[in-house]
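*Asks:* Quick one: the structure is below, and I'll ask about it shortly.
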Amino acid sequence: MSNSGTAEVLIPRSLCLIEDFDNLIIDEEDLCSISITWENGFVSELKPLKNKKPKNILFPRFVETHSHFDKSFTWGDFPNLESNYEGALSVNLEEHKTRTTEKVIKRVEKSLILAIKNGYRAIRSHIDTYQSQSFDVWIELFKLQKKYSSKLTLQFVALAPLEFWDTSNGEDLAKILSFYGGILGGVVVPPFNKKETSKFLSKMLLLASKHKLEIDLHIDESSIQPGAGINVLLKTIDKLKISIPITCSHLSSLIALKESEIAHIGKKMAEKNIKVVALPLTNFWLLNRKKKSTSLKRPVAPIKQLQKSHVDVSIGSDNVQDPWYPFGNFDPFYMMSCSIPMLQLNPWERMTLSSIFLAPSRLLNLKWDGLIEKGCPADFVILDAKRWADVFSSTLKRKVFIKGHLHC
Ligand SMILES: [Zn+2]
Numbered sequence: 009m010s011n012s013g014t015a016e017v018l019i020p021r022s023l024c025l026i027e028d029f030d031n032l033i034i035d036e037e038d039l040c041s042i043s044i045t046w047e048n049g050f051v052s053e054l055k056p057l058k059n060k061k062p063k064n065i066l067f068p069r070f071v072e073t074h075s076h077f078d079k080s081f082t083w084g085d086f087p088n089l090e091s092n093y094e095g096a097l098s099v100n101l102e103e104h105k106t107r108t109t110e111k112v113i114k115r116v117e118k119s120l121i122l123a124i125k126n127g128y129r130a131i132r133s134h135i136d137t138y139q140s141q142s143f144d145v146w147i148e149l150f151k152l153q154k155k156y157s158s159k160l161t162l163q164f165v166a167l168a169p170l171e172f173w174d175t176s177n178g179e180d181l182a183k184i185l186s187f188y189g190g191i192l193g194g195v196v197v198p199p200f201n202k203k204e205t206s207k208f209l210s211k212m213l214l215l216a217s218k219h220k221l222e223i224d225l226h227i228d229e230s231s232i233q234p235g236a237g238i239n240v241l242l243k244t245i246d247k248l249k250i251s252i253p254i255t256c257s258h259l260s261s262l263i264a265l266k267e268s269e270i271a272h273i274g275k276k277m278a279e280k281n282i283k284v285v286a287l288p289l290t291n292f293w294l295l296n297r298k299k300k301s302t303s304l305k306r307p308v309a310p311i312k313q314l315q316k317s318h319v320d321v322s323i324g325s326d327n328v329q330d331p332w333y334p335f336g337n338f339d340p341f342y343m344m345s346c347s348i349p350m351l352q353l354n355p356w357e358r359m360t361l362s363s364i365f366l367a368p369s370r371l372l373n374l375k376w377d378g379l380i381e382k383g384c385p386a387d388f389v390i391l392d393a394k395r396w397a398d399v400f401s402s403t404l405k406r407k408v409f410i411k412g413h414l415h416c
């Protein structure tokens with residue numbers, strides 16, 4: 009099958025670098041008309057297209073910054089019909105009792121196949137990690153990472169209670185993660201004991217530093233004690249005076265702070281190069297639920313304010329059909345269709361597209377930043393679409409190209 013081709017497409021202006029910029033026709037929704045050619049899996053030519061408007065929109069293949077492959081599609085056996093955070097946690101712990109390596113690997117592989125088909129090129133997945141768990145699951149997970157590496161970059165985060173990283177099992181797992189390129193994960197969600205949390209965060213940061221590992225935390229995923237977790241984290245880093253790559257996933261309660269407080273925290277985060285993953289779907293679904301009344305007070309990371317403070321913010325999907333979130337299908341267009349209207353983000357604006365395409369590529373340290381330009385991989389999702397309304401449509405038709413080959 010050929011890995012060369014050509015197409016006449018629309019590309020969002022901020023996702024495309026073209027030499028002949030002056031002759032570019034750009035529509036009112038910031039989509040440029042372009043003729044694109046790729047040879048042997050790489051883009052060889054980009055030319056402005058004149059006189060006619062293409063009937064397809066091209067995006068780079070997507071990057072998912074935050075998912076939970078190990079529990080995806082468990083909703084059927086472990087539903088959380090109360091749909092709140094506490095219910096999700098308790099059903100999740102019930103599921104752990106029946107967990108086997110085989111079941112986890114099956115869920116991961118099903119998720120991976122779907123994600124590739126729907127247009128992802130890279131995914132970071134958290135994997136629940138606890139004392140009684142055998143390390144076998146990690147060996148099998150890294151085998152899958154290798155098996156699918158020609159189609160998708162897969163990153164794993166060991167999502168453990170903070171104190172796990174202060175045990176001999178924690179130290180042993182850190183060595184395995186260091187060998188395979190995994191990431192240390194944890195949860196910092198109030199209510200918590202500040203002193204204890206700071207102590208275990210210090211141990212975790214030092215372990216990461218010793219093994220040259222990154223950290224990705226579920227932090228401040230709450231509607232109480234706004235910013236309690238990030239404040240402890242920032243103070244702990246200052247005390248240790250170390251610098252390691254850190255991702256803060258969720259950070260949803262921050263939105264309840266005053267604008268000046270968000271700006272202050274944002275500035276400190278930017279100085280430390282701490283990145284953020286906003287997760288609107290699970291936050292809006294799980295947090296601040298009231299049984300007898302409808303409230304629209306939903307916490308989610310303050311994306312625009314953090315971006316204004318120069319924090320690199322990505323938008324992720326989080327859970328798929330598990331006790332934490334009953335919907336989703338590893339489809340980037342489902343995530344965009346839900347998130348963009350609810351967050352009031354304009355899809356024709358550069359900073360919106362940055363949080364969906366470019367910031368995620370930086371977060372995962374991918375070789376390609378996702379900009380369509382001469383020499384970039386021919387990794388595309390091409391839609392039957394002429395405007396943004398067609399992108400957020402239930403009858404979406406797509407073609408996925410991987411290294412120039414039509415995948416589906
Ligand atoms: Zn999560």
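In this text, residue positions in the sequence shown follow my numbering: the first is 9, and each later residue adds one. Every residue gets a Cβ at the ideal spot worked out from N, C-alpha and C, and that includes glycine. As the structure is a prediction and not an experimental result, all values here were calculated from the model.
Which word fits Thr14, buried or exposed, when buried means at least 16 other C-beta atoms lie within 10 angstroms of its C-beta?
*Replies:* Translated into the one-based positions of the sequence shown, residue 14 becomes position 6. Thr14 should be labelled exposed.
*Asks:* Go through its chain and collect everything with a Cβ distance to Ile184's Cβ below 6 Å, but skip five positions before and after it.
*Replies:* Position 176 of the sequence shown, counted from the start, is the residue given in the question as residue 184. Excluding positions up to five away in sequence, the list reads Trp146.
*Asks:* Can you give me the Cβ contacts of Glu117 inside the same chain, cut-off strictly under 8 Å, excluding the 5 residues immediately before and after it?
*Replies:* Residue 117 sits at position 109 when you count from the first residue of the sequence shown. So the qualifying residues of the chain are Leu152.
*Asks:* Where DSSP assigns a beta bridge to Asp85, which residues make up the other side?
*Replies:* Indexing the sequence shown from 1 puts residue 85 at position 77. Answer is none; Asp85 lacks a bridge partner.
*Asks:* Measuring alpha carbon to alpha carbon, tell me which residue in Leu366, His104, Thr45, Phe50 is nearest Asp330.
*Replies:* Translated into the one-based positions of the sequence shown, residue 330 becomes position 322. Comparing Cα-Cα distances from Asp330 to each of Leu366, His104, Thr45, Phe50, the minimum goes to His104.
*Asks:* When you compare the segment 108-124 with the segment 76-84, are there three or more beta-carbon pairs, one atom per stretch, that lie closer than 8 Å?
*Replies:* Contact holds: three or more Cβ-Cβ distances are below 8 Å.
*Asks:* Suppose you measure from the CA of Pro199 to the CA of Glu229; what does that come to, to the nearest Å?
*Replies:* Counted from its first residue, the sequence shown places residue 199 at position 191. Counted from its first residue, the sequence shown places residue 229 at position 221. In a straight line, the C-alpha of Pro199 is about 11 Å away from that of Glu229.
*Asks:* Ala271 lies in the alpha helix (DSSP H); which residues open and close that run?
*Replies:* Within the sequence shown, residue 271 is the residue found at index 263, counting from 1. Here the alpha helix (DSSP H) through Ala271 covers 267-279.
*Asks:* Just to confirm my understanding: we take Ser10, look at its own chain, exclude 5 residues before and 5 after, and list those with CB closer than 8 Å. What are they?
*Replies:* Walking along the sequence shown from the start, residue 10 turns up at place 2. Contacts found: Gly412, His413.
*Asks:* Is DSSP giving Gln141 helix, strand or coil here?
*Replies:* Here residue 141 corresponds to residue number 133 of the sequence shown, with the count starting at 1. Reduced to three states, the DSSP call for Gln141 is coil.
*Asks:* Give the range of the alpha helix (DSSP H) segment to which Leu371 is assigned.
*Replies:* Within the sequence shown, residue 371 is the residue found at index 363, counting from 1. Start and end: 367-371.
*Asks:* Could you pull out every residue in the same chain whose Cβ sits closer than 8 Å to the Cβ of Gly189, ignoring the five residues on either side in sequence?
*Replies:* Counted from its first residue, the sequence shown places residue 189 at position 181. For Gly189, where only same-chain residues beyond five positions count, the Cβ hits under 8 Å are Gln163.
*Asks:* List the DSSP bridge partners of Ile19.
*Replies:* In the sequence shown, counting from the first residue as 1, residue 19 sits at position 11. Answer by DSSP bridge pairing, in chain order: Cys40.
*Asks:* Can you tell me whether Ala123 is buried or exposed, with buried defined as 16 or more other CB within 10 angstroms of its CB?
*Replies:* By one-based count along the sequence shown, residue 123 stands at place 115. Buried is the call here.
*Asks:* Do the CB positions of Gly194 and Leu225 come within less than 7 Å of each other?
*Replies:* The count along the sequence shown starts at 1 and reaches residue 194 at position 186. The count along the sequence shown starts at 1 and reaches residue 225 at position 217. Closer than 7 Å, so yes.
*Asks:* State the DSSP-derived secondary structure class of Ala75, mapped to helix, strand or coil.
*Replies:* For this step, residue 75 is matched to residue 67 along the sequence shown. The residue asked about is misnamed: residue 75 is Ser in this sequence, not Ala. Here Ser75 sits in strand by DSSP.
*Asks:* Cβ atoms of Ile65 and Leu391: under 7 Å apart, would you say?
*Replies:* Walking along the sequence shown from the start, residue 391 turns up at place 383. Walking along the sequence shown from the start, residue 65 turns up at place 57. The answer is yes: Cβ separation under 7 Å.
*Asks:* Return yes when the C-beta of Asp339 is under 6 Å from any heavy atom of ligand 1, and no when it is not.
*Replies:* Against the sequence shown, residue 339 aligns to sequence position 331. Answer for Asp339: no, Cβ out of range of ligand 1.
*Asks:* Compute every distance between the C-beta of Asp330 and the non-hydrogen atoms of ligand 1, then say whether any falls below 6 Å.
*Replies:* Mapped onto the sequence shown, residue 330 falls at position 322. Not under cutoff, so the answer is no.
*Asks:* Which residue's Cα is closest to the Cα of Lys202: Ile33, Ile238, Glu37?
*Replies:* As a working mapping, residue 202 is identified with position 194 in the sequence shown. Comparing Cα positions, the closest option is Ile238.
*Asks:* So, at 8 Å on beta carbons, what are the nonlocal neighbours of Cys24 in its own chain, with the 5 sequence-adjacent residues on each side left out?
*Replies:* As a working note, residue 24 is residue 16 in the sequence shown. Cys40, Ile42, Leu54, Leu379, Ile380, Glu381, listed in sequence order.
*Asks:* Starting from Ile135, follow its DSSP beta bridges and name the residues at the other end.
*Replies:* Along the sequence shown, read from residue 1 onward, the residue named residue 135 stands at position 127. DSSP, once it has assigned bridges, lists Ala166 as partnering Ile135.
*Asks:* Of all the options His219, Val165, Gln315, Lys243, which has the alpha carbon lying nearest to the alpha carbon of Leu372?
*Replies:* As a position in the sequence shown, residue 372 is number 364, starting the count at 1. Among His219, Val165, Gln315, Lys243, the Cα nearest to that of Leu372 belongs to Val165.
*Asks:* With distance defined between alpha-carbon atoms, name the residue in Ile282, Ser303, Ser206 nearest to Leu248.
*Replies:* Mapped onto the sequence shown, residue 248 falls at position 240. The residue with the shortest Cα to Cα distance from Leu248 is Ser206.
*Asks:* Return the CA-CA distance between Leu304 and Gly383, expressed in angstroms with no decimal places.
*Replies:* Your numbering for residue 304 matches position 296 in the sequence shown. Your numbering for residue 383 matches position 375 in the sequence shown. One C-alpha to the other measures close to 46 Å.
*Asks:* Glu47 bridges to which residues according to DSSP?
*Replies:* Locating residue 47 in the sequence shown gives position 39, counting from the first residue. DSSP output for Glu47 lists Phe50 as bridge partner(s).
*Asks:* Please state whether DSSP places Cys346 in a helix, a strand or coil.
*Replies:* Taking the sequence shown and counting its residues from 1, the one referred to as residue 346 is at position 338. In the structure shown, Cys346 sits in a helix (DSSP, three-state: H, G or I).
*Asks:* Considering only their Cβ atoms, is the gap separating Gln315 from Val321 smaller than 7 Å?
*Replies:* Here residue 321 refers to the residue found at position 313 of the sequence shown. Here residue 315 refers to the residue found at position 307 of the sequence shown. Cβ atoms of Val321 and Gln315: closer than 7 Å.
*Asks:* Give a single yes or no on whether Asp326 has its beta carbon closer than 6 Å to a heavy atom of ligand 1.
*Replies:* Taking the sequence shown and counting its residues from 1, one reaches residue 326 at position 318. Indeed, a heavy atom of ligand 1 lies less than 6 Å from the Cβ.
*Asks:* Determine the burial state of Ala264: buried for a count of at least 16 other Cβ atoms within 10 Å of its Cβ, exposed for fewer.
*Replies:* For the purposes of this step, residue 264 is taken as residue 256 along the sequence shown, with counting starting at 1. It is buried - the Cβ of Ala264 has at least 16 other Cβ atoms within 10 Å.
*Asks:* Which residue wins for smallest C-alpha separation from Gly324, given the options Ser91, Leu242, Val285?
*Replies:* Reading the sequence shown from its first residue, position 316 is the one you call residue 324. It is Val285.
*Asks:* Considering only C-alpha positions, which residue in the set Ile270, Pro56, Glu37 is nearest to Asn31?
*Replies:* Working through the sequence shown from its first residue, we reach residue 31 at position 23. Checking every option, the nearest Cα to that of Asn31 belongs to Pro56.
*Asks:* List the endpoints of the continuous alpha helix (DSSP H) containing Phe292.
*Replies:* The residue given as residue 292 occupies position 284 in the sequence shown. Element bounds for Phe292: 288-294.
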